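**Student:** Numbering (our numbering), first residue to last: 128 to 476.
Quick reminder that beta carbons are idealized off the backbone N, C-alpha and C, glycines included.
All values reported here derive from a predicted model rather than from experimental measurement.
Right, I'll just put the structure down here and ask away after.
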Amino acid sequence: MNAPVYTRAQALPDILKQRIAILDGAMGTMIQRYKLTEADYRGERFKDHPKDLKGNNELLQFTRPDVIREIHEQYLAAGADIIETNTFGATSVAQEDYGLAEVAREMNVVAARLAREACDRYGTPDKPRFAAGALGPTPRTASISPDVNDPAARNVSFDELKAAYREQAEGLLEGGCDLFLVETIFDTLNAKAAIFALDELMEDTGERLPVIISGTVTDASGRILSGQTVSAFWHSVRHARPLAVGLNCALGATLMRPYIEELAKVAGDTFISCYPNAGLPNPMSETGFDETPEITGSLVEEFARSGFLNIAGGCCGTTPEHIAQIAQRVGRYKPRCLHEAAFTSLVAA
């Protein structure tokens with residue numbers, strides 16, 4: 128594939144050819160450390176809102192921006208090249224559950240500004256930092272029925288998802304994000320709605336930002352929830368010409384290994400990202416997951432040693448300590464090299 132000409136994060140493709148870039152770790156895990164109350168989530172602006180708001184982490188850019196700023200800075204200090212905006216659930220579709228769909232766009236603007244400001248504080252000419260606008264999967268699925276008795280039932284349409292993602296992306300773009308990250312994909316049709324929205328937005332604005340697409344293998348079957356294998360998932364989204372494609376969440380690095388290896392083979396002309404959970408859930412652990420920073424770091428190091436990675440980071444249960452370990456360990460290895468595309472264009476006779 129011919130690389131697009133980017134209007135933001137122009138340096139990122141060359142960085143990925145030179146070394147393994149570091150993505151940040153979990154936002155939710157870090158927020159839990161602050162033991163915030165309902166009052167923290169409400170602040171003054173939402174103090175009279177009729178629904179409970181605790182757990183709506185995207186509200187914190189309004190009510191506790193100090194917390195979000197501090198988390199970003201901890202990950203940057205740990206060595207992250209790319210930090211994600213606190214917008215995993217900042218679509219109107221997701222915020223509708225809290226009765227706050229109308230503030231979704233503003234959430235994204237503010238979140239992108241917080242992340243970009245943190246990047247500006249830590250970035251240098253030798254080590255620029257990038258704010259990735261995070262687009263999560265939403266709590267709804269376009270491919271799977273929510274009613275076991277009605278396989279044809281759907282609680283969201285493609286057009287509704289596309290409109291919600293377009294609104295989110297507009298906010299992220301206005302706030303100053305450098306790239307888009309469509310992540311934790313459990314339904315490829317949801318991801319296609321996000322890709323469609325991003326393509327429309329970039330066509331309409333003239334901006335062209337790198338896009339990273341990250342799927343989620345939900346169990347040992349090696350498939351995402353909507354049924355595709357890793358290879359099928361890649362061929363379903365490769366038309367988006369992403370800067371990188373990868374896997375995150377659901378599994379720890381040990382169980383993720385065969386699937387990231389498979390993706391590294393089939394997506395030969397695209398960079399590969401990987402940010403696994405810190406092992407499996409453990410409610411007795413401080414982070415809610417089993418693995419220590421040293422364990423996660425050593426597992427991700429093995430991926431780098433095997434030549435699978437261009438971007439490495441952490442998902443659920445990972446902290447700045449995990450990211451520091453990953454950064455230290457994968458920095459010893461060369462990044463994965465791109466090779467020829469599986470399919471090439473026909474040359475006219």
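Less than 8 Å between C-beta atoms, sequence neighbours within five positions excluded: which residues of the same chain meet that for residue 352?
**Tutor:** To locate residue 352, count along the sequence shown from 1; it is residue 225. Answer for residue 352: 268, 271, 313, 314, 343, 345, listed in chain order.
**Student:** Do you know how far the Cα of residue 154 is from the Cα of residue 415?
**Tutor:** For the purposes of this step, residue 415 is identified with residue 288 of the sequence shown, where counting begins at 1. For the purposes of this step, residue 154 is identified with residue 27 of the sequence shown, where counting begins at 1. Using only the alpha carbons, I get a separation of about 13 Å.
**Student:** Tell me the DSSP secondary structure of residue 231 in three-state form.
**Tutor:** Position 104 of the sequence shown, counted from the first residue, corresponds to residue 231. Helix.
**Student:** Run the CB neighbour count on residue 475, radius 10 Å, all protein chains shown included, and call it buried at 16 or more, exposed below.
**Tutor:** Residue mapping note: residue 475 aligns to position 348 of the sequence shown, counting from 1. The pLDDT assigned to residue 475 is 35, lower than 50, so where the model puts this residue is not dependable; a value taken from the coordinates is nonetheless given after this. Per the 10 Å Cβ criterion, exposed.
**Student:** Assuming residue 156 contacts residue 185 under a Cβ cut-off of 8 Å, what Cβ separation, rounded to an integer in Å, is found between them?
**Tutor:** Translated into positions along the sequence shown, residue 156 becomes position 29. Translated into positions along the sequence shown, residue 185 becomes position 58. Not confirmed; about 16 Å, so no contact.
**Student:** Excluding the 5 residues preceding and the 5 following residue 463 in the sequence, name in chain order all residues of the same chain whose CB lies nearer than 7 Å to its CB.
**Tutor:** Sequence index remark: in the sequence shown, residue 463 carries index 336 (1-based). Cβ neighbours of residue 463 beyond the five flanking positions: 391, 399, 434, 435, 436, 437.
**Student:** At what residue ranges does the region 307-347 contain a whole run of the alpha helix (DSSP H), taking only runs of 4 or more?
**Tutor:** Listed in chain order, the complete alpha helix (DSSP H) runs (minimum 4 residues) inside the region 307-347 are 315-332.
**Student:** Decide if residue 469 is buried, meaning its Cβ has at least 16 other Cβ atoms within 10 Å, or exposed.
**Tutor:** As a position in the sequence shown, residue 469 is number 342, starting the count at 1. The predicted model places residue 469 with a pLDDT of 42, which falls under 50 and marks its position as unreliable; any figure quoted below should be read in that light. When all chains shown are included, residue 469 counts as exposed.
**Student:** Thinking residue 396 and residue 407 are a contact (beta carbons under 8 Å), I'd like their distance in whole angstroms, please.
**Tutor:** To locate residue 396, count along the sequence shown from 1; it is residue 269. To locate residue 407, count along the sequence shown from 1; it is residue 280. The pair is not a contact, with the Cβ atoms about 33 Å apart (cut-off 8 Å).
**Student:** I want to know whether the region 290-302 touches the region 229-238 - three or more CB-CB distances under 8 Å.
**Tutor:** As far as the Cβ criterion goes, the region 290-302 touches the region 229-238, which means the pair count is three or higher.
**Student:** Which of helix, strand or coil does DSSP assign to residue 423?
**Tutor:** If you number the sequence shown from 1, residue 423 lands on position 296. Correct three-state label for residue 423: helix.
**Student:** Can you confirm whether the region 236-253 touches the region 283-294 when touching is taken to mean that 3 or more C-beta pairs between the two stretches lie within less than 8 Å?
**Tutor:** These segments do not touch.
**Student:** Are the Cβ atoms of residue 450 and residue 458 separated by less than 9 Å?
**Tutor:** Within the sequence shown, the letter at position 323 stands for residue 450. Within the sequence shown, the letter at position 331 stands for residue 458. Contact: no.
**Student:** For residue 410, collect the residues of the same chain with a Cβ closer than 6 Å to its Cβ; drop the 5 residues on either side in sequence, then sort them by chain order.
**Tutor:** Here residue 410 refers to the residue found at position 283 when the sequence shown is read from its first residue. Same-chain partners within the cutoff: there are none.
**Student:** Could you tell me if residue 240 is buried or exposed, where buried requires 16 or more neighbouring beta carbons within 10 angstroms of its beta carbon?
**Tutor:** Residue mapping note: residue 240 aligns to position 113 of the sequence shown, counting from 1. The residue is buried, with at least 16 neighbouring Cβ atoms inside 10 Å.
**Student:** Return the CA-CA distance between residue 146 and residue 140, expressed in angstroms with no decimal places.
**Tutor:** For the purposes of this step, residue 146 is identified with residue 19 of the sequence shown, where counting begins at 1. For the purposes of this step, residue 140 is identified with residue 13 of the sequence shown, where counting begins at 1. Using only the alpha carbons, I get a separation of about 10 Å.
**Student:** Taking its Cβ as the centre, do 16 or more other Cβ atoms sit within 10 Å of residue 289, making it buried, or is it exposed?
**Tutor:** The count along the sequence shown starts at 1 and reaches residue 289 at position 162. Residue 289 should be labelled buried.
**Student:** Just grab the DSSP bridge partners of residue 401 for me.
**Tutor:** Residue 401 sits at position 274 when you count from the first residue of the sequence shown. 374, 439.
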